[in-house]
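So in the numbering used here, the last one in the sequence shown is 525, and the numbering has no gaps at all.
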Amino acid sequence: MDSQSSFMMIGGTDGPALLDYPGGGQAGRYAQAKIKRSDFPEDFVWGSATSAFQVEGAWATGGKGPSNWDVFSMRTPGKIDGGTNGCVAIDQYNLWKEDVALIKKVGLDSYRFSIAWPRVLPGGRLCAGINKEGIKYYSDLIDLLLAEGIEPCATIFHWDVPQCLEDEYGGFLSPRIVKDFCEFAELCFWEFGDRVKNWITLNEPWNIAYQGYGLGTMPPGRGATSAEPKKSIPHHRCRSGAPFEICSDGNPGTEPYIVAHHLILSHAAAVDIYRQRYQTHQGGKIGVTNVSHWFEPLNDTIADKEAALRAVDFMLGWFVAPVVTGDYPPVMRKLVGNRLPSFSPEETKLVKGSYDFLGINYYTTNYATNSPRKLGTKPSYDTDREVELSRVSEVNDTTKTVAEARIDEMRIKYHQDHLYYVKKAMDEGVDVKSYYIWSMFDNYEWAEGYKVRFGIFYVDFVNGRLTRYPKTSAIWFMNFLGKKPALLKRQAEENEQEHDSVKRLRSD
18 MDSQSSFMMI GGTDGPALLD YPGGGQAGRY AQAKIKRSDF PEDFVWGSAT
68 SAFQVEGAWA TGGKGPSNWD VFSMRTPGKI DGGTNGCVAI DQYNLWKEDV
118 ALIKKVGLDS YRFSIAWPRV LPGGRLCAGI NKEGIKYYSD LIDLLLAEGI
168 EPCATIFHWD VPQCLEDEYG GFLSPRIVKD FCEFAELCFW EFGDRVKNWI
218 TLNEPWNIAY QGYGLGTMPP GRGATSAEPK KSIPHHRCRS GAPFEICSDG
268 NPGTEPYIVA HHLILSHAAA VDIYRQRYQT HQGGKIGVTN VSHWFEPLND
318 TIADKEAALR AVDFMLGWFV APVVTGDYPP VMRKLVGNRL PSFSPEETKL
368 VKGSYDFLGI NYYTTNYATN SPRKLGTKPS YDTDREVELS RVSEVNDTTK
418 TVAEARIDEM RIKYHQDHLY YVKKAMDEGV DVKSYYIWSM FDNYEWAEGY
468 KVRFGIFYVD FVNGRLTRYP KTSAIWFMNF LGKKPALLKR QAEENEQEHD
518 SVKRLRSD
């Protein structure tokens, strides 16, 4: 892609997002030499990432307002594995100093975090008031990161919409969200832009549009939860204050595309504000981070090969093509038709080129096979792309001791293989500037709750202190980056016996 730089963020391998190849993924099918830090340029950035809702906790502390995820996880616990929520998460709101120290110990260059919209603007808008305590929290975090030689990378929006905006007009279903999002983004530029030099407007907008409005597995829980798009659902499961007539499962044939359109316009408008008012004197860069799986044809047929390409267009192309070309992929225009919104000439000008870098979050590979939509089938994102996907999955084993759970050799192999291919792509001319690990810590993994553990640090949810322990992947990264992990290993081993004793007592 024609971008100045690209973040490559890699997911963990404890959850359902696993590579489909028995040898450890597409990269695992090939033999290669061990990858080394010295194989990459000296200025290549190594980082890790989290998001506010997944790690901060303190959901009603320090002036924060409720988010869509607060409400979704507490009002509809049946949609979250284990019925859990992020009210405490891993309590980074209170343990941020300790977490920065761990980032420093691993030897990472950068930490990507997100700014919770309802923590700095509890009422969603500037006119409803700025929460100075929330501003101070992020300002202090940024200052400490810089003091420790760690570059802050700030995500403006990582899925936590102020619930008041959901209540008022439906959040990203309404074009009104663009103005409110821009107010929030500009507040971030104003308050933190003197120190933050890498901005990400949106994280994985595909998930918001598809899972929130196509499947209903994320807030606001609209989508294909039944075969009938307009089927009524209990009012208590709808957004608070919504009139009864809009309490339905939504329309998975239109709403994902509408929401995606407003997300793209919000991104582009925020980038325009940054470029017009802040970039020259603050000297930062701004972009967007998208998610995409890779897709391999299930069968060696033309139809399945085209299906694999179509799957990429409907996932990555849906959000990347507009900012690169000014419009959606042609195959989406063809298959979705007039249900896919159009950009006006002014919007096309705004959207096209609205990035200094493109971020790619990559976790897994799926097989794709051609699956033409059957006559009479109600339209939805899933039927529009005419692709059937298959994958394998795995879940976290909660019976393991801390010592056992910290051994994550598969994650190490995953990173080794993918780093090899990142370097190979760079050698072939792809301008990759950085590699961020998802995630630094085990955390609240959205609809999966605490069931899966993506972190390179194990978080103890048993002992009441949320103690962090380095997994073998953290030790591997320390060695890879030229650090000495001996002290970190000893500290973890000293706490393991206590954890396992507490766990046994609670199970008796």
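No residue lacks a Cβ here, since even glycine has one placed at the ideal position from N, Cα and C.
Proximity winner among the options, relative to residue i (alpha-carbon distances)
i	options	result
alanine 286	Gly466, Pro192, Ala145, Val62	Pro192
tyrosine 452	Glu445, Glu426, Leu498	Leu498
proline 396	Lys500, Gly343, Gly240, Gly80	Gly240
tryptophan 134	Gly188, Val276, Asn102	Gly188
arginine 457	Phe89, Phe474, Arg470	Going by the sequence as given, residue 457 is methionine instead of arginine. Of the listed residues, the one whose Cα sits closest to methionine 457 is Phe474.
asparagine 148	Asn215, Ala171, Cys205	Cys205
threonine 297	Asp211, Phe494, Val449, Arg470	Asp211
threonine 484	Thr67, Val88, Glu165, Trp113	Trp113
threonine 234	Asp160, Gly64, Glu462, Asn111	Glu462
valine 305	Glu208, Asn215, Ser65	Asn215
tryptophan 335	Ala324, Met349, Asn383	Met349
tyrosine 291	Gly481, Ser90, Val476, Val213	Val213
aspartate 108	Ala77, Lys122, Arg92	Ala77
arginine 482	Gly267, Ser65, Asn111, Asp98	Asn111
lysine 302	Ile159, Ile275, Leu375, Asp401	Leu375
isoleucine 120	Ala202, Val353, Gly64	Gly64
CB-CB length for residue i against residue j, believed under 8 Å
i	j	result
alanine 464	lysine 96	6 Å
serine 127	glutamate 168	4 Å
tryptophan 86	glycine 103	6 Å
proline 222	alanine 277	6 Å
aspartate 425	lysine 468	Between lysine 468 and aspartate 425 the Cβ distance is about 16 Å, and since that is not below 8 Å, they are no contact.
cysteine 170	arginine 136	The pair is not a contact, with the Cβ atoms about 18 Å apart (cut-off 8 Å).
tyrosine 398	glycine 238	So it is not a contact: roughly 16 Å between Cβ atoms.
proline 273	alanine 226	4 Å
valine 368	proline 347	Rounded, the Cβ-Cβ distance is 16 Å, inconsistent with contact.
Host beta strand (DSSP E) of residue i (start-end)
i	result
serine 451	451 to 455
cysteine 170	168 to 174
isoleucine 194	Where isoleucine 194 is concerned, there is no enclosing beta strand (DSSP E), although the alpha helix (DSSP H) it sits in stretches over 194 to 209.
tryptophan 63	62 to 66
lysine 302	302 to 308
proline 314	311 to 314
isoleucine 377	374 to 379
threonine 382	382 to 387
serine 127	127 to 131
Range of the contiguous alpha helix (DSSP H) that encloses residue i
i	result
serine 90	85 to 92
serine 156	149 to 164
isoleucine 225	222 to 230
tyrosine 110	109 to 123
phenylalanine 494	489 to 497
tyrosine 398	398 to 401
valine 476	No alpha helix (DSSP H) holds valine 476; the beta strand (DSSP E) holding it covers 474 to 476.
cysteine 181	180 to 186
proline 339	335 to 342
Rounded C-alpha distance that separates residue i from residue j
i	j	result
tryptophan 311	glutamate 405	14 Å
valine 447	lysine 366	26 Å
phenylalanine 478	alanine 69	18 Å
tyrosine 431	leucine 219	26 Å
proline 260	leucine 182	Here the model assigns proline 260 a pLDDT of 36, short of 50, so the residue's position is not dependable, and the following value carries that caveat. Each residue's Cα considered, the two are about 15 Å apart.
phenylalanine 57	lysine 440	7 Å
glycine 151	glutamate 200	16 Å
lysine 51	glutamine 433	7 Å
lysine 500	serine 84	39 Å
isoleucine 173	valine 288	11 Å
glycine 534	isoleucine 281	Residue 534 cannot be examined here, being either before or after the span of the chain that is shown, 18 to 525.
methionine 80	asparagine 355	The sequence given here places glycine at residue 80; methionine does not occur at that position. The straight-line gap from Cα to Cα measures roughly 43 Å.
histidine 435	tyrosine 379	10 Å
isoleucine 377	valine 308	6 Å
phenylalanine 471	serine 490	11 Å
valine 449	phenylalanine 494	19 Å
arginine 1	aspartate 197	Examination of residue 1 is not possible in this model, given that the chain is present from 18 through 525 alone.
glutamine 228	aspartate 321	25 Å
lysine 153	proline 358	39 Å
tyrosine 372	leucine 163	25 Å
alanine 328	aspartate 177	27 Å
aspartate 157	alanine 118	14 Å
isoleucine 454	valine 62	11 Å
histidine 275	leucine 190	As written in the sequence, residue 275 is isoleucine, which differs from the histidine given in the question. Cα to Cα, isoleucine 275 sits roughly 6 Å from leucine 190.
valine 105	phenylalanine 209	25 Å
valine 72	aspartate 459	9 Å
arginine 402	alanine 324	8 Å
glutamate 115	isoleucine 492	18 Å
lysine 391	threonine 400	9 Å
glutamate 262	histidine 175	With a pLDDT of only 35 at glutamate 262, under the threshold of 50, the placement of this residue in the model should not be trusted; the figure read from the coordinates follows. Their Cα atoms are separated by approximately 29 Å.
leucine 138	tyrosine 486	34 Å
beta-carbon residue i near the ligand MG non-hydrogen atom, thresh 6 Å
i	result
valine 213	The ligand MG is absent from the structure shown, which contains no ligand whatsoever.
Inset, instruction - Would you check if the region 384 to 391 and the region 300 to 315 touch, i.e. whether three or more CB-CB distances between them fall below 8 Å? - result: yes
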